[in-house]
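These notes concern the structure reproduced below.
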Ligand SMILES: NC(=O)c1ccc[n+]([C@@H]2O[C@H](COP(=O)([O-])OP(=O)(O)OC[C@H]3O[C@@H](n4cnc5c(N)ncnc54)[C@H](O)[C@@H]3O)[C@@H](O)[C@H]2O)c1
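Numbering (this note's numbering), first residue to last: 28 to 402.
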């Protein structure tokens, strides 16, 4: 019930297919406040949650390095699993999660929330229609203050799934793979750690090549100077308007102590991700270049540039990305549809995150071998 967990409360409340029956969190204050707010039964750990209830499904929003262990417990207890991204921090752990789901005949969905943004789905539809020809280049660039938002220490520790390549790159790689079809052949990356007072990967540039010779760049800068909101009409990541010129400068000094920072993170978690917003959510600027036109987001949908000039396409804004994650999870559980964001898709995403970090460390191109296509 941290930032990610809390963000799902309105989506679960509003979804006909789900009811929040119980949750687990080791922090007593969180248990008390969320139990009071939701009426759900609170447990201090996941084994007692699983033993003390008869749930159908579990949503795992614990720190990334714990997802594999927690998914393993849930599968052993016969529950379907929705897990946060990235699904794990090691390929073997992701493989074990997939094997456990397959053995038990249970669903595993990896909720890369920004890949569910409606404008990204609308871009995919245009690409699939063939109207603009083949996708040749995808660029997704995001400049934020990620590094200076309050964090748990492990969120900055690369070996524990911290830093922007794991945490934010996983959204970018999901967007890129959804738009490019999934089959990334190889990549080359440089990751940066340039603030001596806040050690982690805070920025990266990743160049990806698809099997069909399309290419992509994922650029992320979490050091909080320029914001890509400025290129999306001052619309924030979650769809609110917030004039960039009026934002106070980002505070780059560390909190007084780890405990203070944790406290600030817990406070922020309550409102960090809103349930709905007047405009479309986005993850920075995404531009898709096809043979006969380009596509990028507008505040309320897409701009399509073709021989017809620039058209704006309005995109529905009646369901949040989290509503759509739950739709995909419900369809998977009931067998109505095979989820795109299944375990193998999540594993392929994790492979890109790991390869980007390795490429930067070794100064070499990395060839990928766990990619899957969207079909
Ligand atoms: N999809 C998104 O947009 C999005 C946004 C934020 C975070 N995330 C992902 O969600 C995960 C959590 O990140 P966060 O920012 O919400 O962190 P957080 O620290 O805010 O939340 C983690 C929660 O897990 C609890 N926890 C820790 N150990 C536990 C255990 N053993 N059993 C049960 N609960 C335990 C903590 O008390 C805390 O409440 C990460 O994998 C992150 O990448 C996704």
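Where is the CB? At the ideal position from N, CA and C, for every residue including glycine.
Asked, Found
"Start and end residues, alpha helix (DSSP H) containing residue 70", "Element bounds for residue 70: not the alpha helix (DSSP H) but the beta strand (DSSP E), 68-70."
"Beta strand (DSSP E) segment containing residue 164, residue limits", "162-170"
"Contact between the region 110-128 and the region 357-364 (3+ Cβ pairs under 8 Å)", "no"
"Delimiting residues of the beta strand (DSSP E) encompassing residue 215", "211-219"
"Endpoints, the alpha helix (DSSP H) within which residue 387 is located", "370-389"
"Residue 301 Cβ short of 8 Å to ligand 1 heavy atom set", "no"
"DSSP-derived helix/strand/coil call for residue 54", "coil"
"Cβ neighbours of residue 236 in the same chain (closer than 6 Å, five flanking residues each side left out)", "212, 213, 242"
"Reference residue 251, options 265, 221, 68, 240, closest by Cα", "221"
"Residue 72 Cβ short of 8 Å to ligand 1 heavy atom set", "yes"
"Endpoints, beta strand (DSSP E) assigned at residue 307", "Where residue 307 is concerned, there is no enclosing beta strand (DSSP E), given that its DSSP letter is neither H nor E."
"Residue 50 vs residue 67 beta-carbon contact at 9 Å", "yes"
"Inter-residue Cα distance where the pair is residue 299 and residue 34", "8 Å"
"Identity of the residue in 137, 392, 52, 295 nearest residue 77 by Cα", "52"
"Residues bridged to residue 320 [DSSP beta-bridge criterion]", "317"
"Per-residue DSSP class, three states only, for residue 152", "helix"
"Residue interval of the alpha helix (DSSP H) (run including residue 200)", "196-207"
"Touching by the beta-carbon criterion (3+ pairs, under 8 Å), the region 159-178 and the region 295-313", "yes"
"Rounded C-alpha distance that separates residue 98 from residue 73", "10 Å"
"Local conformation of residue 39 per DSSP, three classes", "helix"
"Classification of residue 378 by the beta-carbon crowding that lies within 10 angstroms, buried from 16 upward", "buried"
"Pick from 150, 226, 122, 44 that is closest to residue 178, judged by C-alpha positions", "226"
"6 Å CB neighbourhood of residue 188 in its chain, flanking five on each side removed", "91, 92, 116"
"Segment limits, alpha helix (DSSP H) that includes residue 118", "118-131"
"Beta carbon of residue 245 nearer than 9 Å to that of residue 200", "yes"
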